[in-house]
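According to the numbering used here, the sequence shown holds residues 2 to 97 in order. From the three backbone atoms N, C-alpha and C, an ideal C-beta is built for every residue, glycine too. From a predicted model like this one, the values you see are computed outputs, not experimental measurements.
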Amino acid sequence: MIIIYRIRNLPQAKKVKFGREFRGYTDKSNRGQYEYYRKGLLDEIPHRKFIRGVLLIKREDREKMLDFMKEYKVEVHARNVELTPKDIEILSTRES
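This is the structure we're talking about:
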C-alpha cells in the first residue's frame with residue numbers, strides 16, 4: 002500500500018508535533034547531558050520511504066496510519082500497489 006501525504010497547510014507548531022509523533026525524536030535534558038529517543042509511529046510500522054511524503058507500508062498497517070493522519074487533518078492519499086521483490090524484502094525485515 003502506498004501512502005502519499007502533505008502537511009503544507011498545517012501551522013508550524015502542528016508540523017513539528019506531527020513530525021515528532023510520526024518519525025520520533027531525540028529528547029535532550031539537563032543542557033544536553035542526557036539524551037532519550039522518543040519513538041514515533043514509523044518506529045512501530047515496517048515501511049519504505051521513497052521521497053518526502055511518500056511511504057510504502059503493509060496493508061494491515063493502513064488503518065493505524067490513516068487514523069494518525071486523520072487526527073492531524075493531513076492531506077493523505079492511499080492506494081494499493083503491486084510490490085517488487087525488493088519492497089517485500091524491506092517490509093519483511095522491519096518486523097516489529
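Taking a 10 Å sphere around the C-beta of Ile52, we find fewer than 16 other C-beta atoms and assign the residue as exposed. For Ser30, DSSP records a beta bridge to Tyr35. Where Ile5 is concerned, there is no enclosing alpha helix (DSSP H), although the beta strand (DSSP E) around it starts and stops at Ile3 to Arg7. Following the DSSP letters along the chain, one finds Lys50 inside the beta strand (DSSP E) bounded by residues His48 to Ile52.
The secondary-structure analysis by DSSP pairs Arg80 across a beta bridge with Ile3.
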